[in-house]
Each structure stands twice: as C-alpha cells, then as structure tokens.
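Notes follow once the structure below has been shown.
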Amino acid sequence: MNALEKGEGIKKGTKTTVIMSQLVLQKIYNFLKKAIPLCVLLASYSCKERSFNEPTENINDLHKKFKKGDLISYEKLKTTYLDYTPEIFIPIAKYAADSLRYIPAHLDVFESYFDKYNFDHDSVEKADLIKMSKNDRTEALYYLEKAIRYDDTLANRYKVLLAESR
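For reference, each letter of the sequence shown is one residue, going 73 to 238 in my numbering.
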C-alpha cells in the first residue's frame, strides 16, 4: 500500500511525488504537443490575407447585375479584377464600352491592354506599342481613339505622350 492509499497524503520529496510530477508533466507535454500545432493552424487560417480589392458581394451576383446594365457593379468588378491578369478584365470593359455605352470603359480597355504588356502608366512615352500583337495594338488604339472622341482628359494625355514617343 502506498502513501496515498494509507491516507497519509503526499510528502514533499518522496518517490510518489516525483512520479506524480513526472506524470503530470508528461500529460501537459502530450497536450501541448497536440494543441500547439492546432493553434498555429487555426491562427494561420484566421489570418488569411484578404485583398482590399475583394468585393463584399458575391462576384457572380456582380456579373449578373453588370450584364443587366448596373454600372456600379462594373466599377466593383473593375476594382476586383485588379488582382487578376488584365486579359480577364478586357472583355468586361469592352462589353461596358460597346453594349452599355459606358464612356469611361473605353479608356479602361486601352489601359487593360497597356497592363497586359506591363507598360508603365507613368511613362507612357516609353511604351513601345510595337511589342503588342497587331490585333491587341489595333484594339487598344481603337478604344483610345473612342475615349478621345468622348473628350476623356487622360485619353488625350495618353495620345500626346504616345505621339511624342514616335
């Protein structure tokens, strides 16, 4: 019969207290061994980096509203697609420009082609449009000209800077 069974309690420094302390420490260690990776996993999941461009609405709902002519949805999609390759946004901007007759979308098409070829918007005069495919260059300039016809100030600036580069 050990000291606990006799009701004597545990005396400090006895073999029983050492064994029990080791058991307690082993249980704590086993618990932490399982809990720490779980905590790290949960923390990394909850801290998932979220883009400021991510819409608060469902992206499919935005597309549906946009196709019905909602220009606010177009602007939200424009912001959302900043995180994607420009090729994805070009058809959306073309639809807004051509079907919805949304004037700012003409310049959006041109700028999307500009982004597709990694041209710097701040150094337009250095953009070598010859690096663009013939079809992309034709379309980009077509939409730039349409934006200029609508008296878009930035489109006029692009035209001047592009003319200086030649």
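We put the CB at the ideal spot given by N, CA and C, even for glycine. Fair warning: this is a prediction, and the values are worked out from it, not measured in the lab.
How big is the Cα-Cα spacing for residue i and residue j?
{"i": "glutamate 147", "j": "alanine 177", "result": "9 Å"}
{"i": "isoleucine 160", "j": "asparagine 102", "result": "50 Å"}
{"i": "threonine 151", "j": "lysine 218", "result": "22 Å"}
{"i": "arginine 221", "j": "leucine 172", "result": "17 Å"}
{"i": "isoleucine 131", "j": "lysine 206", "result": "32 Å"}
{"i": "serine 145", "j": "lysine 198", "result": "33 Å"}
{"i": "threonine 225", "j": "glutamate 236", "result": "17 Å"}
{"i": "aspartate 170", "j": "tyrosine 215", "result": "10 Å"}
{"i": "leucine 134", "j": "aspartate 192", "result": "29 Å"}
{"i": "leucine 179", "j": "lysine 137", "result": "22 Å"}
{"i": "isoleucine 164", "j": "tyrosine 156", "result": "13 Å"}
{"i": "asparagine 190", "j": "proline 127", "result": "25 Å"}
{"i": "glutamine 98", "j": "leucine 149", "result": "55 Å"}
{"i": "valine 232", "j": "aspartate 223", "result": "13 Å"}
For residue i versus residue j, is the C-beta spacing smaller than 7 Å?
{"i": "leucine 143", "j": "tyrosine 174", "result": "yes"}
{"i": "tyrosine 230", "j": "aspartate 208", "result": "no"}
{"i": "lysine 188", "j": "proline 158", "result": "yes"}
Please classify residue i: does DSSP put it in a helix, a strand, or coil?
{"i": "alanine 199", "result": "coil"}
{"i": "asparagine 132", "result": "helix"}
{"i": "glutamate 126", "result": "coil"}
{"i": "phenylalanine 191", "result": "coil"}
{"i": "aspartate 223", "result": "coil"}
{"i": "tyrosine 156", "result": "coil"}
{"i": "serine 184", "result": "helix"}
{"i": "leucine 216", "result": "helix"}
{"i": "lysine 166", "result": "helix"}
{"i": "aspartate 142", "result": "coil"}
{"i": "leucine 149", "result": "helix"}
{"i": "arginine 229", "result": "helix"}
{"i": "leucine 172", "result": "coil"}
In chain order, what residues of the same chain have a beta carbon less than 8 Å from the beta carbon of residue i, not counting five sequence neighbours either side?
{"i": "leucine 62", "result": "Past the boundaries of the shown model lies residue 62; the chain is included only from 73 to 238, so the question cannot be answered."}
{"i": "leucine 154", "result": "Asn125"}
{"i": "isoleucine 162", "result": "Val181, Ser184, Tyr185, Lys188"}
{"i": "alanine 227", "result": "His178, Leu179, Phe182, Leu216, Ala219, Ile220"}
Excluding the 5 residues preceding and the 5 following residue i in the sequence, name in chain order all residues of the same chain whose CB lies nearer than 7 Å to its CB.
{"i": "glycine 141", "result": "Leu172"}
{"i": "serine 195", "result": "none"}
Among residues of its own chain, excluding the 5 on either side of residue i, which ones have a beta-carbon nearer than 6 Å to its beta-carbon?
{"i": "methionine 204", "result": "Tyr189"}
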